[in-house]
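Novice: I'd like to ask you about the structure that follows.
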Amino acid sequence: MYLGSGDWQANWENLGRSQTVDHLSLQGMARLLASSSKDNDIRIWDVVLNQTLRVLSGHSASVSCIRWGGEGLIYSASQDRTLKMWRVDKGILCRTFEGHGHWVNTIALNTDYVMRTGAFEAKDCLIDGTALPVTNPQQLKNLALDRYKKFTRNEPEMLVSGSDDFTLFLWSPSTSKKPLARMTGHQQLINQVLFSPDGRIIASASFDHSIKIWCGKTGKFLHTFRGHVQSVFQISWSSDSRLLVSGSADSTLKLWDISARKLIVDLPGHADAVYAVDWSPRGDRVVSGGKDKLEKLSKVQQHVIHTDYYGCSKTVLILPLSMSLNVRLVQMLADSIQCSTRKFRTHC
Numbered sequence: 001m002y003l004g005s006g007d008w009q010a011n012w013e014n015l016g017r018s019q020t021v022d023h024l025s026l027q028g029m030a031r032l033l034a035s036s037s038k039d040n041d042i043r044i045w046d047v048v049l050n051q052t053l054r055v056l057s058g059h060s061a062s063v064s065c066i067r068w069g070g071e072g073l074i075y076s077a078s079q080d081r082t083l084k085m086w087r088v089d090k091g092i093l094c095r096t097f098e099g100h101g102h103w104v105n106t107i108a109l110n111t112d113y114v115m116r117t118g119a120f121e122a123k124d125c126l127i128d129g130t131a132l133p134v135t136n137p138q139q140l141k142n143l144a145l146d147r148y149k150k151f152t153r154n155e156p157e158m159l160v161s162g163s164d165d166f167t168l169f170l171w172s173p174s175t176s177k178k179p180l181a182r183m184t185g186h187q188q189l190i191n192q193v194l195f196s197p198d199g200r201i202i203a204s205a206s207f208d209h210s211i212k213i214w215c216g217k218t219g220k221f222l223h224t225f226r227g228h229v230q231s232v233f234q235i236s237w238s239s240d241s242r243l244l245v246s247g248s249a250d251s252t253l254k255l256w257d258i259s260a261r262k263l264i265v266d267l268p269g270h271a272d273a274v275y276a277v278d279w280s281p282r283g284d285r286v287v288s289g290g291k292d293k294l295e296k297l298s299k300v301q302q303h304v305i306h307t308d309y310y311g312c313s314k315t316v317l318i319l320p321l322s323m324s325l326n327v328r329l330v331q332m333l334a335d336s337i338q339c340s341t342r343k344f345r346t347h348c
């Protein structure tokens, strides 16, 4: 397992590993990293000290997805059909959520975007309108906390889960073990769920070739986007919550207008299945990757697309774009960017 940073110096440490790492999730300022593997555990790493802080055990099958909350909590989804909420500082299990009839593949929080961007404003990557970015760690932390509090308005975080049982559940995990809504309509398993950056809408991608949108507060069904002719693997929101991009097994990327409820444009396509897609928090770039071993970086300006192509030696499965100035987990543009890399001894 490797961690890359933005100091642009190559530095490799080989510590070995014995289990496949299935999922990774960075906490806010990127000091803590959560990883899951087929050993059913979640490991919390200090990426500065390069050591394991805690091991969270409780799932009885592989952990498929992890999300950091904004209150020192971690949420996990598993093939054991449950979701769990953990308090990281004490290493304890707070709650287990049941209801799905099959594997839980994906979860998302309504605070994901504000947690991802932290102190940085998407419109210009500046902070509070100042001429230069603030770099003091404590000041960044305070600004990030302020943005989080303004977003939540002292209301509990909302969680949505998607499963192999074709359903989604909407939860208020800090207030109840029971779901707020059971969301049905998909005809095959759910690959991904995402809240819009403003938290108002949930989008879900499915093997049934469709993308559905739902109310982020109530779980009420809003619309189905159709156009893909094979499974939809991943989706990503624009920073203003107006647009959604989707990647599919049919080799295409599609850009959707949420308010108009229509397809805007097909982004330049891949030669094979598109497994990974992400939208930069600034809102001007979409990156995609897939089975054709290509990474494509598309600049989106007023729906005009310009695309650059980058070759990889293997299938591209995940491509998160970071807004942080100091941390880049993705080896996007791997042939032209050298990242400082640390390798962690992982799950046994």
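Counted from 1, the sequence shown has number 283 at position 283 by full-length UniProt numbering; the numbering is strictly sequential.
Ideal Cβ positions, reconstructed from N, Cα and C, are used throughout, including at glycine.
(1) Take His100 and list the residues in its own chain whose beta-carbon comes closer than 6 Å to its own, dropping the five residues that flank it on each side.
(2) First and last residue of the beta strand (DSSP E) that includes Lys254?
(3) Just reading off the alpha helix (DSSP H) that Arg285 is part of, what are its end residues?
(4) Tell me where the alpha helix (DSSP H) around Arg81 begins and ends.
(5) Rounded to whole angstroms, what's the CA-CA distance from His223 to Leu180? Just pull it up for me.
(6) With DSSP as the reference, label Gln142 as helix, strand or coil.
(7) DSSP state of Val88, grouped into three classes?
(8) Could you give the distance in angstroms between the alpha-carbon of Ala249 and the alpha-carbon of Ala271?
(9) With a cut-off of 8 Å, do at least 3 Cβ pairs link the stretch 275-287 to the stretch 231-240?
(10) Tell me the DSSP secondary structure of Phe166 in three-state form.
(11) Using the DSSP secondary-structure output, state which residues sit across from Leu46 in a beta bridge.
(12) Strictly by DSSP, which residues pair up with Phe97?
(13) So, does the stretch 176-190 touch the stretch 210-222, judging by three or more C-beta pairs under 8 Å?
(14) Rounded to whole angstroms, what's the CA-CA distance from Tyr309 to Arg261? Just pull it up for me.
(15) What's the C-alpha gap between Thr20 and Lys38?
(16) At which residues does the alpha helix (DSSP H) containing Val114 begin and terminate?
(17) If you run the structure through DSSP and keep just helix, strand and coil, what is Thr20?
(18) Which value, in whole angstroms, describes the spacing of the CA atoms of Thr167 and Trp214?
Specialist: On the basis of the coordinates in this document:
(1) Stepping through the sequence shown from its first residue, residue 100 is reached at position 100. Arg81, Ser163, Asp165, listed in sequence order.
(2) For the purposes of this step, residue 254 is identified with residue 254 of the sequence shown, where counting begins at 1. Looking at the DSSP string, the run of the beta strand (DSSP E) that includes Lys254 is 253-257.
(3) Taking the first residue of the sequence shown as 1, we reach residue 285 at position 285. Looking at the DSSP string, Arg285 is not in any alpha helix (DSSP H); the run it does join, the beta strand (DSSP E), is 285-290.
(4) Taking the sequence shown and counting its residues from 1, the one referred to as residue 81 is at position 81. In the DSSP assignment, Arg81 falls outside any alpha helix (DSSP H), carrying neither H nor E.
(5) Within the sequence shown, residue 223 is the residue found at index 223, counting from 1. Within the sequence shown, residue 180 is the residue found at index 180, counting from 1. Whole-angstrom Cα-Cα distance: 20 Å.
(6) Counted from its first residue, the sequence shown places residue 142 at position 142. Residue 142 is actually Asn in this sequence, not Gln. Here Asn142 sits in helix by DSSP.
(7) As a position in the sequence shown, residue 88 is number 88, starting the count at 1. Val88: coil per DSSP, three-state reduction.
(8) Taking the first residue of the sequence shown as 1, we reach residue 249 at position 249. Taking the first residue of the sequence shown as 1, we reach residue 271 at position 271. Taking the straight line from one Cα to the other gives about 10 Å.
(9) Segment contact: the stretch 275-287 against the stretch 231-240, three or more CB-CB distances shorter than 8 Å; contact assigned.
(10) The residue labelled residue 166 in the question sits at position 166 within the sequence shown. Under the three-state reduction of DSSP output, Phe166 falls in the coil class, being neither helix nor strand.
(11) Walking along the sequence shown from the start, residue 46 turns up at place 46. It is Asp, not Leu, that sits at residue 46 in the sequence shown. DSSP output for Asp46 lists Leu32, Gln51 as bridge partner(s).
(12) On the sequence shown, position 97 is the one that residue 97 refers to. BP columns for Phe97 point to Leu83.
(13) Segments in contact, yes.
(14) In the sequence shown, counting from the first residue as 1, residue 309 sits at position 309. In the sequence shown, counting from the first residue as 1, residue 261 sits at position 261. Bear in mind that a pLDDT of 44 at Tyr309, under 50, signals an unreliable position, so the number given afterwards is only what the model happens to contain. The straight-line gap from Cα to Cα measures roughly 30 Å.
(15) Locating residue 20 in the sequence shown gives position 20, counting from the first residue. Locating residue 38 in the sequence shown gives position 38, counting from the first residue. Between the alpha carbons of Thr20 and Lys38 lies a gap of roughly 7 Å.
(16) Residue numbering aside, residue 114 sits at position 114 when the sequence shown is read from its first letter. Counting along the chain, the unbroken alpha helix (DSSP H) around Val114 starts and ends at 112-117.
(17) By 1-based counting over the sequence shown, the position of residue 20 is 20. Residue state, collapsed to three classes: coil.
(18) Start at 1 with the first residue of the sequence shown, and residue 167 comes out as number 167. Start at 1 with the first residue of the sequence shown, and residue 214 comes out as number 214. Their backbone Cα atoms lie some 12 Å apart in a straight line.
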